[in-house]
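A short worksheet on the structure shown next.
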């Protein structure tokens with residue numbers, strides 16, 4: 002397992018520097034994901050996420066996301082939902098409406114996911130901000146060709162986000178690399194690094210790298 006964590010850290014050594022003036026932050030992210038299969042077609046998902054900056058340690062925000070999706074084929078689904086965010090330092094609520102399309106498949110020993118999302122974010126007295134997101138993820142077992150209960154796996158995700166607020170406002174890149182453990186068919190856990198870089202066009206670059214832990218539960 003040690004060599005996998007070393008490789009995980011190596012992924013974040015070299016990255017594209019898109020602006021000379023970069024505001025860098027370090028953070029901790031915790032995620033709890035609950036999934037329920039309602040019937041043969043419909044699924045319900047809820048997610049809680051907490052982000053805290055450190056040096057100094059400071060809680061930044063908490064998110065709760067509620068999402069419903071419907072399978073439209075063996076490999077594709079459509080869905081929609083809402084996210085409620087509480088920004089702790091500013092003491093305000095933010096609301097986000099989400100629409101998404103997902104396609105899943107296999108390529109040799111890898112499982113892959115394509116996800117396209119459109120969302121609209123607003124808060125009290127603010128104009129709606131639009132965002133278009135595309136995510137690509139790959140996952141494979143670390144022992145054997147098939148992932149079984151009790152075995153570890155590697156997961157890599159890359160995402161591009163475009164922000165529109167009356168005019169193009171920013172573009173953001175995200176890269177996550179994690180090692181996971183499939184405890185059972187209903188439970189899995191992941192630990193990894195989450196790197197994010199945003200070019201705000203006006204204020205320069207903003208970079209964040211976080212240690213991210215996540216738990217997934219389904220029934």
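In this note's numbering, the protein residues as written are 2 to 220. Think of the CB as a built atom: it goes at the ideal place given N, C-alpha and C, for glycine as much as any other residue. On a predicted model such as this, the values are computed, not experimentally measured, just so you know.
Indicate whether residue i and residue j have their beta-carbon atoms separated by less than 7 Å.
i: residue 35; j: residue 216; result: no
i: residue 233; j: residue 101; result: Here the chain comprises residues numbered 2 to 220, so residue 233 is not present and cannot be evaluated.
i: residue 61; j: residue 52; result: yes
i: residue 92; j: residue 64; result: no
i: residue 181; j: residue 156; result: yes
i: residue 139; j: residue 28; result: no
i: residue 95; j: residue 135; result: no
i: residue 175; j: residue 199; result: no
i: residue 84; j: residue 71; result: no
i: residue 117; j: residue 137; result: no
i: residue 164; j: residue 132; result: yes
i: residue 195; j: residue 89; result: no
i: residue 46; j: residue 38; result: no
Which partner residues does residue i have in the DSSP bridge list?
i: residue 74; result: Answer is none; residue 74 lacks a bridge partner.
i: residue 158; result: 138, 177
i: residue 195; result: 177, 211
i: residue 1; result: Outside the shown range of the chain, which is 2 to 220, sits residue 1, and nothing can be said about it.
i: residue 170; result: None, per the DSSP bridge assignment.
i: residue 52; result: 30, 62
i: residue 37; result: 45
i: residue 98; result: 83, 121
i: residue 93; result: 88
i: residue 67; result: 47, 83
i: residue 205; result: DSSP lists no partner for residue 205.
i: residue 151; result: In the DSSP output, where bridge partners are listed per residue, residue 151 has none listed.
Which word fits residue i, buried or exposed, when buried means at least 16 other C-beta atoms lie within 10 angstroms of its C-beta?
i: residue 24; result: exposed
i: residue 151; result: exposed
i: residue 41; result: exposed
i: residue 179; result: buried
i: residue 202; result: exposed
i: residue 211; result: buried
i: residue 220; result: exposed
i: residue 55; result: exposed
i: residue 141; result: buried
i: residue 221; result: Nothing can be reported for residue 221, as the shown portion of the chain is limited to 2 through 220.
i: residue 123; result: exposed
i: residue 120; result: buried
i: residue 11; result: Below a pLDDT of 50, predicted positions are generally treated as unreliable, and residue 11, at 49, falls in that range; no measurement from the model is reported.
At a cut-off of 6 Å, would you count residue i as near the ligand FAD, judging by its Cβ distance to the nearest heavy atom?
i: residue 117; result: Ligands in the displayed structure: none, and consequently the ligand FAD is not present.
Legend entry - Contained beta strand (DSSP E) runs [length at least 3] in the segment 105-145, N- to C-terminal order: 111-124, 130-142
Legend entry - Touch test, the segment 102-115 against the segment 67-76, Cβ-Cβ under 8 Å, three pairs minimum: yes
Legend entry - Three CB pairs or more closer than 8 Å across the segment 171-178 and the segment 145-152: no
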